[in-house]
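S.K.: Residue numbers (this note's numbering): 4 to 186.
Structure incoming, see below.
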């Protein structure tokens, strides 16, 4: 009898996750466009961590390229595209400096676009899995390149590149304003 509860528990957990997913996306959007204070130590740590993460992502994509065709190329292209989007994000962001502090607000449209990109890719993956489980064949998609496994590398790298460029640009702005300690 207790073994019968396991599938019911797993299904209820899955249903709860599916119901909470839109709330999580809304929270991600709301926090992404909020006004924040740029704390020099955290900005530096964030930039260093994102640089390390980018290097690890590229190394992992090179290893994954053994099994997933074009994974390394897509990760590299996504990272470069993300750096470009991050520089655009810096240009569109609103900065307020005063009393020795820097505040910034990311562009709401850019945050919305990146959030929707993640939502669409996750929804597409779920739809493909559902379609394959019930029909046994891959689901038809409007953009075939998006259905490729290597597109996950590209989208992940794009998001990582965006945040890396934004953090490095924020650090440079803090240094230019004299708010970053020099050694």
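All residues carry an ideal CB built from backbone N, CA and C; glycine is no exception.
Since the model is a prediction, treat every value here as computed from it, not as a measurement.
Under a three-way DSSP split, which group does residue 2 fall into?
M.R.: There is no way to answer for residue 2, as the model of the chain reaches only from 4 to 186.
S.K.: Count the C-beta pairs between the segment 12 to 21 and the segment 73 to 81 that are closer than 8 Å, then say yes if the count reaches three, no if not.
M.R.: no
S.K.: In the structure shown, what three-state DSSP assignment does residue 139 receive?
M.R.: Along the chain shown, read from residue 1 onward, the residue named residue 139 stands at position 136. Three-state DSSP puts residue 139 in coil, outside helix and strand.
S.K.: Apply the 10 Å Cβ neighbour rule to residue 21 and answer buried if 16 or more other Cβ atoms are within range, or exposed otherwise.
M.R.: The sequence position of residue 21 within the chain shown is 18, counting from 1. Result: exposed.
S.K.: By the DSSP assignment, the beta strand (DSSP E) with residue 97 in it spans what residues?
M.R.: Counted from its first residue, the chain shown places residue 97 at position 94. In the DSSP annotation of this structure, the continuous segment of the beta strand (DSSP E) that includes residue 97 starts and ends at 97 to 101.
S.K.: Could you check the C-alpha separation between residue 115 and residue 29 for me, to the nearest Å?
M.R.: The sequence position of residue 115 within the chain shown is 112, counting from 1. The sequence position of residue 29 within the chain shown is 26, counting from 1. Between residue 115 and residue 29, the C-alpha separation is close to 9 Å.
S.K.: For residue 30, which three-state DSSP category applies?
M.R.: Along the chain shown, read from residue 1 onward, the residue named residue 30 stands at position 27. In this structure, residue 30 counts as helix in the three-state DSSP scheme.
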